[in-house]
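**Q** Structure incoming, see below.
Protein chains: 4
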Amino acid sequence: MIKVSIIGAASYAGGELIRLLLAHKDVEIVHLTGNTYAGQDICAVFPYLQGGIRHEIIALTEENRAQIIAGSDLLFLIMPHGQASGMAKAIWDAGKKAIDIGADFRFADAGVYEQWYKVKHQSPELLPEAVYGLPELYRKQIAGARLVGNPGCYPTASILGAYPLLREGLIRDNSVIIDAKSGVSGAGRTPSSGNIYAAATQNMKAYGVAGHRHTPEIERILSDISGKPQVINFTPHLTPMARGIHSTIYADLRRSVSGQELTELYKNVYAGEPFVRVHDHGCWPESKWSSGSNLCHIAVTADKRTGRVIVCSTIDNLLKGAAGQAVQNMNLMCGFAENTALPLTPVYP
Amino acid sequence: MIKVSIIGAASYAGGELIRLLLAHKDVEIVHLTGNTYAGQDICAVFPYLQGGIRHEIIALTEENRAQIIAGSDLLFLIMPHGQASGMAKAIWDAGKKAIDIGADFRFADAGVYEQWYKVKHQSPELLPEAVYGLPELYRKQIAGARLVGNPGCYPTASILGAYPLLREGLIRDNSVIIDAKSGVSGAGRTPSSGNIYAAATQNMKAYGVAGHRHTPEIERILSDISGKPQVINFTPHLTPMARGIHSTIYADLRRSVSGQELTELYKNVYAGEPFVRVHDHGCWPESKWSSGSNLCHIAVTADKRTGRVIVCSTIDNLLKGAAGQAVQNMNLMCGFAENTALPLTPVYP
Amino acid sequence: MIKVSIIGAASYAGGELIRLLLAHKDVEIVHLTGNTYAGQDICAVFPYLQGGIRHEIIALTEENRAQIIAGSDLLFLIMPHGQASGMAKAIWDAGKKAIDIGADFRFADAGVYEQWYKVKHQSPELLPEAVYGLPELYRKQIAGARLVGNPGCYPTASILGAYPLLREGLIRDNSVIIDAKSGVSGAGRTPSSGNIYAAATQNMKAYGVAGHRHTPEIERILSDISGKPQVINFTPHLTPMARGIHSTIYADLRRSVSGQELTELYKNVYAGEPFVRVHDHGCWPESKWSSGSNLCHIAVTADKRTGRVIVCSTIDNLLKGAAGQAVQNMNLMCGFAENTALPLTPVYP
Amino acid sequence: MIKVSIIGAASYAGGELIRLLLAHKDVEIVHLTGNTYAGQDICAVFPYLQGGIRHEIIALTEENRAQIIAGSDLLFLIMPHGQASGMAKAIWDAGKKAIDIGADFRFADAGVYEQWYKVKHQSPELLPEAVYGLPELYRKQIAGARLVGNPGCYPTASILGAYPLLREGLIRDNSVIIDAKSGVSGAGRTPSSGNIYAAATQNMKAYGVAGHRHTPEIERILSDISGKPQVINFTPHLTPMARGIHSTIYADLRRSVSGQELTELYKNVYAGEPFVRVHDHGCWPESKWSSGSNLCHIAVTADKRTGRVIVCSTIDNLLKGAAGQAVQNMNLMCGFAENTALPLTPVYP
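Chains as they are written, first to last, in the numbering used here: chain A, 4 to 352; chain B, 4 to 352; chain C, 4 to 352; chain D, 4 to 352.
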């Protein structure tokens, strides 16, 4: 039984972490922090929890930081960019474990991080210690890590979708184009003119075109897989659904290969993976197939007319794209069975 | 470990049953039946199950009926009205258990059933053996039953909302008005001009006004609680959401009572109930608070200006309104812990 | 050709006013005001207008108020409660016309207004001059008015639904219960934790139970129709759709009358009304039938078992419930054909 | 005043045609046909029309075909693929005008049509007479035509988005990738397991990957613009909204050009176009900006890191993508002002 705390619990990812951890037999929640709701019970934020958990939200301060860390074995960080890197340093120095659900530990190079995120990294010296928390690629390293940078939601779906192509050297360098669609919860719980219901419903729009911050994160890992630098196009779209990501990936094939062959390749690459499902050729995954579960669904084909490969990959942005993957990483880091407390079946429809 | 079968598995309630039963440690699924999909794997209906379960759907026929029953300890029936009453007879005679998710065993009087459902009941002699499967009112009887009529989704939310008022004799006879709103999955998986996306989204409409078949079911139980016949108004509305029921209940108070006092009463009545949450006065439940969970959320107030009580009650129509309540009944009938495999936390947002 | 200004143009009602007025051959828009967007073009708020209109939004100040009024023949007021009553006084004194889309001129009694709205009325002396802008009931008075209080969205649907019953004395006093459902645009454009997409989609909840401020507005008019005071229950519900209101009305009948007879009565009462459609008995209106149009759709029945009448009434909250009705009132006040620039056909689906 | 008929009126495109034509001062509707609803009034299909139009739907038969054509000046065809080509022949021979809203007259080559649509073309000899009804490219030819093939919804958004790039020779051959997202009404009014609300809401999925029939239609026109054959990738996605198309277009630039320069180019190309709006660099269009209007909104940028251009283009699939464009074509063919009865302002939000 380990003690965990959630820094930034009054968020959608925090809410899903609480749901998953309440069902995790090896975990006790000790602290929930949050500035806006400090002093209130977590049920004031998520009233559906009434009767299921009573837990005060506390503010994270200079004064209580050491104490919160001391009382925890592992901390989940859901903090503004640039703040998690400071918190993580204190956790590291205290010999505890941290999983950062933000972007502070997703890059090897602090310079790239600071260029795209426009904030200063507070502990660049920890970057070599941090592991990119995508178990399908870095399972062993995660198991031995004390600091994990939990991948972004778009990168999770996109990297899992592209990985076999790059690993096998099937596609031309710099030919990857990722057209991704996300539900609105990806933008968080803070109200804005863009995420209010009347503006977002029955609507589809691109944003961050040619400049979204998940671009260098995806490029880092695709480069790592292929062994040489890769630049990509990544275009996210706001989609009228509460949760879910659908990533459509295009790339130029180096040689002729059929959709059936590609499907076989994908099935082999992901054989044994508990949270990746490769579907038969011609069966295209739906974002809702992952709703509430930790699964990534993938299908692939080739277009002989154009010589391109097309991959579709879907996840729940709050599960495999955030809280679910964080629990998967925690399970690996703590020696629990990797699938503990992680739903395989979506809540459908 | 008991063996269960689902008759009519290729339905939304069937899908949710499969999700819940896959996580139930005391249950093994032995047969899934369905006419439309007979011969295909259940993954052809719910492709998200691929990799999680492989199970052929078989047609239910005169020939294999006895064998299916013989191989099962308990059967869930999701069948057209009038057919379950025949199937249940065969199950009863074989000494097995049945939970009918349809309406065939929700009435004490076959005449009322036949008048509202316009089909003949095939085993009226079993009606005295059948228990109305609402554990909060009939827990003991369910635990001893071999045949349970699982309540309708609207009746579950509405009866739980009105029960304390009638039990305590607080309201005038025949003064109950129920204005209920349901998500579209309540209409099932069969495509129709009314449930296609473009027709149902961004839309609200009443249906079955002054004639919906859940009316006599609610009246039967409210009459049972109050000890005298009750007629009510019940108006369902199709609401643009996949799942969820919100029931708003109005009644004339016999005497002046405050919203605070009513809230206390409700909290007392439902103290200890694992799947009912009464919220503080002024905190109105949302249908989504139950999404994917087996909980019923309730709040109540009184309007001094008009002398009426107003109750709001929400459930997930596929969980507490169908598959979840069925599993809760199974747990009671089979001596398992009542809350086994039943989610308490919704998938939110 | 009259000159009109919109005070508070950067609102959803303002946006719909602009859409309607751009197609109105007798109207020229002279001023658009708004504090948040002052100095920007209206296309910064509604980018879809680019190429269709260019018009700077100006702040409304003490300094420019007289000038704005002097340059306008008629002003539409979309202002916070309590502020319109001050603005309207200045317009009145300048001899110009005003249509207040807020609540400041919906009451005969400033005391009732101040009790429910918790702000001071700045020009109670104008209340006797103001006409309640529901043309189906007060067409003549509107045509002769210089100051109109545009009805609330819920009251418009609810009063039109109940009017024939009260006019004909068919129902018992104080027996009206209105259960209303509204799309999220009714809450305006200001972001909040309650109207963000992820919170509002796939969800249904009641609010303002036994205390919503449209209650006394409806009661005022129902009392006016029936000639004696009426108290009612009114419960609004937030519904996952951008626009639309569905109002379900219950009342106790004084005498036995069939649904068919009631339908005939309604058809007679509303014969010749350009924006009310009474549907055949058994055909229940859908909120989307009014989407983008100025129509109110109504159907009615009687429940012989309980002795109650049930009415369903639908409108578009931004058209007949706000901007459309305001233009209808303007047409009457200015001697234009009543239906000028008002769409009859919804944008469906 | 011309007489028009709609063959296949009980469709979503038919409903929108009726809405637009009812507001068109130069047009009289003479016949509405439909097999499913033959003998019923159009109000049985679209009850919101009650009080606005009464018009019987008749079956189209061998017997009455000549008479329907004789009584009409122009016919809109909304028919299954392969049937319009027969009907159009009869219309042509009678010397009347036809606008086919299906695919039968979108191709120069009957072989390509038959290969992708798997039905026989009944009047290939008419293909040289048919004009592709995209006014922004073929205005003059449309004005002189008696037979117009109204473009598909995806092709309209995609071709308008790509046109300036190809006209100016800015992109590499065969480098166009179109990732398009459509609302569910694009699939029509016929209920199916894929378009029911519970399946389609809160969900995103690709379909027709590497094989959708709009691919050759787009290729035909892009080839026509560029003067040489172009093959493309086109991937449509079903998006949870009733209407709207968002097309995201990628292509490889031949030379370095800035987003600002591309925006200027687009503004020049579409200057004076009544139904195309090019937005400032950095302002990305939303599908809802076109909802209920005939406008196409476009924005463009270049990604210097990858050397690609990205274009986003949005329309309402039922307006500029079907009924609106059909009316625009009718206006041109009949010498009416091109923008008659075509809304410029969307119904927003």
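Just so it is clear, CB atoms sit at the ideal spot from N, CA and C, and this is done for glycine as well.
1) With a threshold of 9 Å between beta carbons, is B:Pro194 in contact with chain A?
2) In the DSSP output, which residue or residues are listed as bridge partners for C:Val272?
3) Chain B partners of D:Ser188, CB-CB under 7 Å?
4) Would D:Trp292 count as contacting chain C if we go by Cβ distances under 9 Å?
5) Can you list, in chain order, the residues of its chain whose CB lies under 7 Å from that of B:Thr348, leaving out five sequence neighbours each side?
6) Under 7 Å between beta-carbons, which chain A residues line up against D:Tyr253? List them in chain order, please.
7) Is the CB of C:Ala47 under 9 Å away from at least one CB in chain A?
8) Just mark B:Ser195 as buried or exposed, buried being the case when its beta carbon has 16 or more other beta carbons within 10 Å.
9) How would you list, in chain order, the residues of chain A whose beta-carbon sits under 7 Å from the beta-carbon of B:Ala245?
10) From which residue to which residue does the alpha helix (DSSP H) around C:Val71 run?
11) Between which two residues does the beta strand (DSSP E) holding C:Ala183 run?
12) Given that B:Cys286 touches chain C, what residues does it touch there, using C-beta distances under 7 Å?
13) Name the chain A residues whose beta carbon is nearer than 8 Å to that of C:Gln205?
14) By DSSP's criteria, A:Cys299 is part of a beta bridge. Which residues make up the other side?
15) Are B:Thr251 and C:His215 close, meaning C-beta to C-beta below 9 Å?
16) Just to confirm the assignment: which complete beta strand (DSSP E) runs, minimum length 3, are found wholly within the stretch 307–338 of chain C?
17) Put C:Val115 into one of helix, strand or coil per three-state DSSP.
18) C:Tyr15 versus chain D: which residues are under 7 Å apart at the beta carbon?
19) Is there at least one Cβ from chain A nearer than 9 Å to B:Pro131's Cβ?
20) Going by other Cβ atoms of all chains shown within 10 Å of its Cβ, with 16 needed for buried, is D:Met207 buried or exposed?
21) Between which two residues does the alpha helix (DSSP H) carrying B:Ala19 extend?
22) Using beta-carbon positions only, say whether A:Ala254 and A:Ala165 come within less than 9 Å of one another.
23) Using a Cβ-based criterion (distance less than 8 Å to any ligand heavy atom), does A:Val260 qualify as near the ligand NAP?
24) For D:Arg246, is the classification buried or exposed, using 16 other Cβ atoms within 10 angstroms of its Cβ as the cut-off for buried?
25) Output, in chain order, the set of chain A residues within a Cβ distance shorter than 9 Å of B:His217.
26) Out of B:Ile313, B:Ala148, B:Ile9, which has the shortest C-alpha to C-alpha gap to B:Ser75?
27) Taking the beta strand (DSSP E) that A:Lys231 belongs to, which residues open and close that run?
28) CA-CA distance, D:Gly55 and C:Ala274?
29) Is the beta carbon of B:Val212 sitting closer than 9 Å to the one on B:Leu265?
30) Given a cut-off of 9 Å on the beta-carbon distance, is the pair A:Glu276 and A:Glu139 in contact?
31) Could you pull the DSSP bridge partners for C:Leu35 from this structure?
32) Would DSSP call C:Glu171 helix, strand or coil?
33) Going along the chain, which residues of its own chain have a beta-carbon closer than 8 Å to the beta-carbon of C:His84, five neighbours each way excluded?
34) I want to see whether chain A comes within less than 9 Å of D:Val212, judged by CB atoms only; does it?
35) Can you name the residues of chain C whose CB is closer than 9 Å to the CB of B:Glu117?
36) Which residues in chain A have a C-beta closer than 7 Å to the C-beta of D:Glu171? List them in chain order.
**A** Let me spell this out:
1) Taking the first residue of the second sequence as position 1, residue 194 of chain B is located at position 191. Cβ-Cβ to chain A under 9 Å: no for B:Pro194.
2) By one-based count along the third sequence, residue 272 of chain C stands at place 269. According to DSSP, which records beta bridges pairwise, C:Val272 is partnered with nothing at all.
3) Counting from 1 along the fourth sequence, the entry for residue 188 of chain D is found at position 185. Result: Ala201.
4) Along the fourth sequence, read from residue 1 onward, the residue named residue 292 of chain D stands at position 289. Answer yes: the Cβ-Cβ gap between D:Trp292 and chain C drops below 9 Å somewhere.
5) Looking up residue 348 of chain B in the second sequence gives position 345. The residues are Ser296.
6) Numbered from its first residue, the fourth sequence carries residue 253 of chain D at position 250. Near D:Tyr253 (Cβ distances below 7 Å), the residues of chain A are Ile180, Asn236.
7) For the purposes of this step, residue 47 of chain C is identified with residue 44 of the third sequence, where counting begins at 1. It does not: the Cβ of C:Ala47 has no partner Cβ on chain A nearer than 9 Å.
8) Taking the first residue of the second sequence as 1, we reach residue 195 of chain B at position 192. B:Ser195 is exposed by the Cβ-count criterion.
9) What you label residue 245 of chain B is simply residue 242 of the second sequence in a count that begins at 1. Chain A residues near B:Ala245: Pro352.
10) If you number the third sequence from 1, residue 71 of chain C lands on position 68. The sequence as given places Ile at residue 71 of chain C; Val does not occur at that position. 68–73 is the extent of the alpha helix (DSSP H) around C:Ile71.
11) Residue numbering aside, residue 183 of chain C sits at position 180 when the third sequence is read from its first letter. Element bounds for C:Ala183: 180–185.
12) For the purposes of this step, residue 286 of chain B is taken as residue 283 along the second sequence, with counting starting at 1. Those within 7 Å of B:Cys286 in chain C number zero; the least Cβ separation is about 11 Å.
13) Taking the first residue of the third sequence as position 1, residue 205 of chain C is located at position 202. Those within 8 Å of C:Gln205 in chain A are Ala245.
14) The sequence position of residue 299 of chain A within the first sequence is 296, counting from 1. According to DSSP, A:Cys299 bridges with A:Val279.
15) For this step, residue 251 of chain B is matched to residue 248 along the second sequence. For this step, residue 215 of chain C is matched to residue 212 along the third sequence. Taking 9 Å as the Cβ cut-off, B:Thr251 and C:His215 do not qualify as a contacting pair.
16) 311–318
17) Mapped onto the third sequence, residue 115 of chain C falls at position 112. Three-state DSSP puts C:Val115 in a helix.
18) Within the third sequence, residue 15 of chain C is the residue found at index 12, counting from 1. Within chain D, the residues near C:Tyr15 are Pro352.
19) By 1-based counting over the second sequence, the position of residue 131 of chain B is 128. No, no contact with chain A.
20) If you number the fourth sequence from 1, residue 207 of chain D lands on position 204. Result: buried.
21) If you number the second sequence from 1, residue 19 of chain B lands on position 16. Rather than Ala, the amino acid found at residue 19 of chain B in this sequence is Glu. If you look at B:Glu19, you'll find it in the alpha helix (DSSP H) that goes 15–25.
22) Taking the first residue of the first sequence as 1, we reach residue 254 of chain A at position 251. Taking the first residue of the first sequence as 1, we reach residue 165 of chain A at position 162. Their beta carbons are under 9 Å apart, which means A:Ala254 touches A:Ala165 by this criterion.
23) As presented, the structure is devoid of all ligands, the ligand NAP included, so that no description of it is given.
24) Along the fourth sequence, read from residue 1 onward, the residue named residue 246 of chain D stands at position 243. Note on D:Arg246: 16 or more other CB atoms within 10 angstroms of its CB, so buried under the neighbour-count rule.
25) Taking the first residue of the second sequence as 1, we reach residue 217 of chain B at position 214. Simply none; closest approach about 22 Å.
26) Walking along the second sequence from the start, residue 75 of chain B turns up at place 72. Checking every option, the nearest Cα to that of B:Ser75 belongs to B:Ile9.
27) Along the first sequence, one-based indexing puts residue 231 of chain A at 228. Per DSSP, A:Lys231 belongs to no beta strand (DSSP E) and is neither H nor E.
28) Sequence index remark: in the fourth sequence, residue 55 of chain D carries index 52 (1-based). Sequence index remark: in the third sequence, residue 274 of chain C carries index 271 (1-based). If I take the Cα positions, the gap works out to 13 Å.
29) Along the second sequence, read from residue 1 onward, the residue named residue 212 of chain B stands at position 209. Along the second sequence, read from residue 1 onward, the residue named residue 265 of chain B stands at position 262. No, they are not a contact pair.
30) Locating residue 276 of chain A in the first sequence gives position 273, counting from the first residue. Locating residue 139 of chain A in the first sequence gives position 136, counting from the first residue. Closer than 9 Å, so yes.
31) On the third sequence, residue 35 of chain C is found 32 positions in, with the first residue counted as 1. Answer is C:Ile9, C:Ile60.
32) In the third sequence, residue 171 of chain C corresponds to position 168, counting from 1. In the structure shown, C:Glu171 sits in coil (DSSP, three-state: anything other than H, G, I, E or B).
33) As a first step, residue 84 of chain C must be located in the third sequence, where it is residue number 81. Counting only Cβ-Cβ distances below 8 Å, and skipping sequence neighbours, we find Gly105, Ala106, Asp107, Tyr120, Val122.
34) Position 209 of the fourth sequence holds residue 212 of chain D. Taking Cβ atoms only, chain A reaches closer than 9 Å to D:Val212, which makes this a yes.
35) For the purposes of this step, residue 117 of chain B is taken as the residue at position 114 of the second sequence. Going along chain C, no residue has its Cβ under 9 Å from B:Glu117, so there is no contact; the nearest lies around 18 Å.
36) Along the fourth sequence, read from residue 1 onward, the residue named residue 171 of chain D stands at position 168. Below the 7 Å Cβ cutoff, chain A contributes no neighbours of D:Glu171, its closest Cβ being approximately 20 Å away.
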